[in-house]
Structures are given as C-alpha cells and as structure tokens.
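Residue numbers (our numbering): 115 to 837.
Everything below concerns the one structure shown next.
Now the structure itself:
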C-alpha cells in the first residue's frame, strides 16, 4: 500500500458494500412511499423494490451464505465478517419488506380502490364475473396445471427459482393423516388476472391467479378434503460458477450452467401470512433454511406481480408522457457521416433520442461505401433493430464483427439466442474474452469516403438497448477524431485477436490502465491543491467500492480538494470524517429514470479534464472487466458538461439524498427562498425546448444544403411537468 494512504486503512473509514446497497433499495422504497408521486408510479417503485431484492438474494445473499457455510471469517475492508453482515442484512431486509407490504395493504391499496383499481377474492365477485373466471380456468388453466402429491412415494418436488406455488393440506378419503399437495403456477400466465367478461377496458378489477386456482382445489384433488392452502416461493442461488479459462467451449459451458441456475441452493423462503408453524418448519427443513430465512407476506409473493396494474389506462395516475428530442446536431434524416466529419456529437439519453444511433447503423448496413462494422454488445432487446441491421450489413457483404458478452448477468440466455441469429446472418461473433467480461460500449464503422477511408466511432456509457435507452440516463460520444478512432480500432483488434494490449494515450482501458490512470488524475488534483492551483473532483457513477480509489479520494480531501460524488447505488466511502473526508460530499439521485451515466471531472489547474464511459469504481469493473473511459475534448462539449450538466445534478433538492457519515441518507430540500431544483425535470425541460427548436427548423435548409424531412407523425409536445 502507498505509505501516503496508510493512515486511511482504518476499517472504520469504510461502509459495508452490502449494507450500502440495501440503503439504495431503501431509497427506491421511499419513492413508493412518496405521496407526491403519481399513484401508479408508486406501484411501479414497489415492483422495482421487489425485483431489486430478488436479484440481491440470488447473488449477494447467496454468496454470503456460501462464505458462512465454508467457515470463512475473512473481514471485508470495513471490518465486518460474513456472519455479522448476514445478521445485519436480515434484520434490515425484514424491516423493509414489512414496510413495503404495509404500504401496499394500507395507503396504496386504499387509494387504488378509490380510483376503481381493485384486487378481489373470487368470493366477493358477482355471478357474471365468477362465471367468466371459471370459464377461463377450465379453458386455459386446468389443462396446464399439474397437482403433485407429497407422501412416502412422492418426494417434495424441485421448486424452480422464484416460481409461484400453492401448498395444499389434503386429507384423502378414508385416511386420518394430512398430506401435502403442490401446484406450481404456470410461468406463462400473469399472476394478476384482469376480470373482463364484457371487454370493458375502463374497468380495472383483478384477482390473483393463485386465488382462482385455490377456488378450484377440489377439482385438482378430487375426492379429497382441502384443509388449507398457502402460497410459497423459494429464491435460489443464481450465480453461474465456472472457470472460463478451463472451459473448452465458453458457449456450451454457459448453456450448461444456465440449465442448473433455476435449481441452485435455496437462500430465501417466502410464505403466505397465516401459514401454520409446523408447515413452515417442514418447508424450512426441506430447503435447508433457518427461521430468519423465512418471510411471511400478507399479499402477493412478490410485488413485481403488480406490474399489470401499471397498464391501466389512467394517465392522471402516471407520470406525464415524455418523448425524447432529436439532437439538434444530428436530427432525423440527417447524414450522420457528414455531421461527424464536421464535429463531435454528444448525446444525452433519454432526453435525446437513441433512434439516431439505430438509424445510423441501419444506414451503414445499406451504405455501399461502408466497409466494416465492429461492435460490442452486452445487453440488447431480443427484437432490437440493431441486431437486424447488423445481419443485413453482413448479407450486404460488409465485414461485421460483434463481440458478444455471454456473461451479462440474467441476460445470458437472451445473448446466446441473438448471437446465434447474428452468426446465421453471416456476422462474425466473438464470445467474450477469456477471464474477463467485456462491458465497454463501442461501435466502429469504417467507410470509404471521397477523400480517404475513415473510421467513425460511437462510445457510450450505456448498452445498445433501444428500450432501456428510454428509461436509463446515459451519454454517447460520436467522433471521427483519429487520436480516438485509431485507439478504438486497435482495442477491437486486441479483443478479437491474440495480440498484447497496446497501451493508449486517450482511452482509459480496464483492466490494464484504468485504475492507475484514475489514481494519477486524483493525485494530480491533490498536488494542485497543495500548490494553490485550482483543484476539484466530480464523479458521477453507479457505485464506489474500490478501497484504493477511496483512499486516494481521502488523500485528496485531506489536501483540500473539494470532492463531489453523485453515486446512485453503493458507496463504501464514509464522508464527513474530520481530517479525512470533510471535503467530500456524496449524493444519490433516484427518480423517474435510472441514473446510469458515468462522468469523471478533474479541475486540472483550470484546464478541466472530463471523461465518460462504462466503468463504475468497483473492483470488478477496474480489474475483471474490459471497460473504456473516453475523453470529452471538444471545447464546446466539455464546457457543456462542466457548466450545464454536472451543476444540474449537484443542485438537485427534490430527488437527491445526501450520505451521512453513519451510512444513512437524508433527502435534500431547498433552502428557504431557494427555487426547488430537480435534475431529471430540468433535463426534460431542456429536451422540450430542443424539441421545439427542431420543429421550428426542420423545414429550413441545414448547413450542408439538405432539408430535414418532417416526421410522418411527429410526437406531440409533452405537457409541463409538476413537482
């Protein structure tokens, strides 16, 4: 360890990674608790909270339980051992889940009912609705359901990860003994059934799928006495375990592991409230779990089941529609190649439309002057037009290479499926890099222009995913600057070939140089502060975990550098410690869009250095992945980021929470007399202004003599937002 940082090795200076993540999910729950949110948006945040927690159990809790079972007593940087972390997590998770269900069964459920959105028990329904539901059961459900007996000759069935199930207490005719029966709810049916006998889409009445199945229990177990039934769900370890350096075929190895994922070791049991203690004990023994692993839920087994409620056509209960604006430098129907030859373009999604990237790839696929397309794909939608365009490009005789990351967590199966589609279309597909995940976001198009062969590059902070590009905040840089495009070309060659990493001047690439270069940039700010020169650091990322980076930030703070951290999720740095982190402020923004962009600003003695890219400050990103940070060197674009983007995030007093030294977060509020500022709302307002400017200019000639062809059906101007 650097001797300068030895004084920052105290475990008390670090927050626990897992507990910090749980604080993030608490902030998600707070959005559901916020009465100023539209009602169905609150339901959506309840669902997101559950989805987040599922993945946390499948990966992080599963890993901690595994450490405990293996007898590990190794402490993390914060000094906590696995058993202590697990105990603290379970206490807090139980408290948060209780809050979540109290909210659903109380305020939110009551307000939904006031707006006519209700969940019924079948016994509460009028005869016409019951007849319609029963008809649906016999036509659609009954042929699919399979009741499974549990007795001496029928062992307890293997319940799949996160599958919904009903356990029945059954007494057979002529038998005194109570036995168990299991019915697994079919996965291809929504857990909420909309009651719609007359096709009335204005009525929002629902029943739980399990309630309809429970109503027909005697048909599933004919002749038996049904003494009770209880919903249950098991969460299993879903991490993939393999050594890709040992795997002869990475694709086949991952396919084999995916088949085992749904049958991993149980880590959580969720049961319907009221389940008898002896039945709970039997289930815990069956799955090898302890009392603290059981969650008793008064409602759906997961509130992700509530998402169908969001489809209700009740616009006053949702956020007002938002339509991304075209970037004024790259409007629809413009020649992206011509624009990029003139200038760099910086896109800010979702406020600026991702469609321009899709259109560019489509154009490149058909452009006879395009020679080659190279791309990294970490996540994308199965119906992505980018996939179709890449296949078309290959069929048009262009050299198309796509580096597909098969190990994108929970998207492995999707990635395998569309990677094979690409191969069938003639695309050369590279399945990752041995020992590393490729998380960098890069697109390279090589074109024969009139003057020479030129490389066009897109570098981004987010995935090439048209759907999440409307939900996540990300940046993308389009450039033809040779000092950057040449390095992208060489990086692609290093990833697909057998050559050594060549080293770069402009790009910061993990795992080779990213961490050392960031440490150098932080140290430069420390030295500037000590010399009396302008200094300062602003970092916007998803998470900060790496201890070496944290110690470097402590070192800079101690020298007088002002450090502003905008971290949506995990932060292991403890701010506000006298003599250590007094100059460090940490805020988290949780709002309508998922804050996903990464920005790194260094004051650099008055000549700011700005980078963006795919990497968070976590050991996995810095040392076990291929990541790229790229510089924003165009003076106008850099000034835009420094003066018009970062200050907006830092000024948020509506959706921002500030991290306290004890690891808790407090929501920020405007000071007396201060205008309320909300970053995402500010960017939406700018987007609307940009949209209006584009509409006004689209029929006027552009600087290259082309006309901006009007959209066939331009989206309406969004209405004003309300805080």
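The beta-carbon is built from N, C-alpha and C at its ideal position, and this holds for glycine as well.
- Taking 8 Å as the cut-off, the Cβ atoms of residue 218 and residue 388 do not count as close.
- Apart from the 5 residues on each side of it in sequence, residue 693 sits with its Cβ closer than 8 Å to the Cβ of 672 in its chain, given in chain order.
- Residue 279 has 298, 346 as its beta-bridge partners, per DSSP.
- In this structure, DSSP gives residue 468 a state outside helix and strand, which the three-state scheme calls coil.
- Take the alpha-carbon of residue 744 and the one of residue 349: they are about 39 Å apart.
- It is roughly 10 Å from the alpha-carbon of residue 750 to the alpha-carbon of residue 756.
- For residue 773, the enclosing beta strand (DSSP E) covers residues 770-773.
- Around the CB of residue 512, 16 or more other CB atoms lie within 10 Å, so the residue is classed as buried.
- By alpha-carbon distance to residue 313, the top candidate from 338, 243, 407, 450 is 243.
- Non-local beta-carbon contacts of residue 781 in its own chain, meaning distances under 7 Å to residues more than five positions away in sequence, involve 771 in chain order.
- Excluding sequence positions up to five before and after residue 440, its CB lies within less than 6 Å of the CB of 446, 467, 808, all in the same chain and listed in chain order.
- For the region 644-690, the full-length beta strand (DSSP E) segments reaching 3 residues or more read 651-655, 677-681 along the chain.
- When DSSP states are grouped into helix, strand and coil, residue 724 belongs to the strand group.
- Residue 566 sits exposed, since fewer than 16 C-beta atoms from the chains shown fall within 10 Å of its C-beta.
- About 5 Å separates the beta carbons of residue 719 and residue 642, which is inside the 8 Å limit, making them a contact pair.
- Contact between the region 540-547 and the region 464-478 is not established, with fewer than three Cβ pairs separated by less than 8 Å.
- Secondary structure at residue 460: strand, using DSSP grouped into helix, strand and coil.
- In the structure shown, the three-state DSSP call for residue 778 is coil.
- Rounded to whole angstroms, the gap between the alpha carbons of residue 394 and residue 401 is 11 Å.
- DSSP places residue 196 inside the alpha helix (DSSP H), whose first and last residues are 196-217.
- The continuous beta strand (DSSP E) containing residue 384 extends over residues 380-386.
- The C-beta distance from residue 628 to residue 741 rounds to 6 Å, short enough to fall under 8 Å.
- The three-state secondary structure of residue 553, taken from DSSP, is coil.
- An exposed status is given to residue 205, since fewer than 16 other beta-carbon atoms sit within 10 Å of its beta-carbon.
- Exposure of residue 634 is indicated by the presence of fewer than 16 other C-beta atoms within 10 angstroms of its C-beta.
- A distance of 8 Å or more separates the beta carbons of residue 407 and residue 177.
- Per the DSSP secondary-structure output, residue 488 pairs in a beta bridge with 515, 558.
- Contact annotation: the region 147-155 does not touch the region 788-802, with fewer than three C-beta pairs closer than 8 Å.
- Look at residue 483 here: in three-state DSSP terms it is coil, with no helix or strand label.
- Straight through space, the alpha carbons of residue 390 and residue 238 are spaced by roughly 25 Å.
- Contact check for residue 345 against residue 245 fails: the beta carbons are separated by 8 Å or more.
- When secondary structure is reduced to three states using DSSP, residue 418 falls in the helix class.
- For residue 626, the closest of 397, 290, 179, 737 by C-alpha to C-alpha distance is 737.
- Taking the Cα positions, residue 161 is about 22 Å away from residue 380.
- With respect to the C-alpha of residue 145, the residue from 768, 632, 786, 811 having the closest C-alpha is 768.
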